[in-house]
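Chemist: For reference, the structure I am asking about is given below.
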Amino acid sequence: MKSKGFEGMACSIAGVLAAIGDRWAVLILRDLSFGLSKYEDLRRSTGVTNATLSDRLKHLEENALIERRRYQVNPERYEYILTRKGRDTILLTQALIQVGDKWEVSGRAGPPLKFTNRKTGGAVKLAMVDQDTGETVQLNDLQPQAGPGADDLVRWRLTYLRS
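In full-length UniProt numbering, the protein residues as written are 1 to 163.
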């Protein structure tokens, strides 16, 4: 059963979710960001069925998150590469990893991955920063406001904000 689409919704989250598609696609994007690019490697890493993997790769390609490049002629074989738009999704996978680590979804042994700055070796994490000052913004200080693309539904949602 196909779920209702997000067409016409003034919501950046809905637009990104529509472009990505589903949870399998997020894992495929994760693997592509790690450098996996061949179909069999993606299938092995995710454990997804061939039919699902083919479908998700096609969807990601149609939404310009990945591009398919032929690397072998006989038999014809392709690799999948993140586009510039697809590389933007690395922020999503990093955020999901950070939340999963905080929730200890992999158990008490600790996170299965860690991310470091290649130049310094220091640990890296996502954070919200003030666009003008570069200062870290705490979650309690985050204030959603209607932007130039807000519609009546967005404005209505914002009426529920608590000060």
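Here a beta-carbon is modelled for each residue, glycine too, at the ideal position from N, C-alpha and C.
It should be emphasised that the depicted structure is a prediction, and the values quoted were computed from it without experimental measurement.
1. Measure the CB-CB distance between residue 78 and residue 87 and report whether it falls below 8 Å.
2. Between residue 65 and residue 26, what straight-line distance do the alpha-carbon atoms span, to the nearest angstrom?
3. Under 6 Å Cβ to Cβ from residue 1, same chain only, skipping five residues before and after it: list those, please.
4. Nearest to residue 129 by CA position, among 21, 95, 10, 142, is which residue?
5. How long is the line joining the alpha carbons of residue 120 and residue 82, rounded to whole angstroms?
6. Could you please give the first and the last residue of the uninterrupted alpha helix (DSSP H) stretch that includes residue 160?
7. Among residues of its own chain, excluding the 5 on either side of residue 56, which ones have a beta-carbon nearer than 8 Å to its beta-carbon?
8. Could you say which of 30, 61, 35, 76 lies nearest to residue 46 if we only look at CA atoms?
9. Secondary structure at residue 25, three-state DSSP: helix, strand or coil?
Modeler: Per the coordinate set shown:
1. No, the Cβ-Cβ distance between residue 78 and residue 87 is not below 8 Å.
2. Approximately 11 Å between the Cα atoms of the pair.
3. The pLDDT assigned to residue 1 is 37, lower than 50, so where the model puts this residue is not dependable, and the model offers no usable value.
4. Residue 129 has its Cα closest to that of 142, out of 21, 95, 10, 142.
5. Taking the straight line from one Cα to the other gives about 26 Å.
6. Careful: residue 160 lies outside any alpha helix (DSSP H) and carries neither H nor E.
7. Correct list, in chain order: 21, 22, 24, 25, 28, 48.
8. Out of 30, 61, 35, 76, 30 has the C-alpha closest to the C-alpha of residue 46.
9. Annotated three-state conformation of residue 25 is helix, per DSSP.
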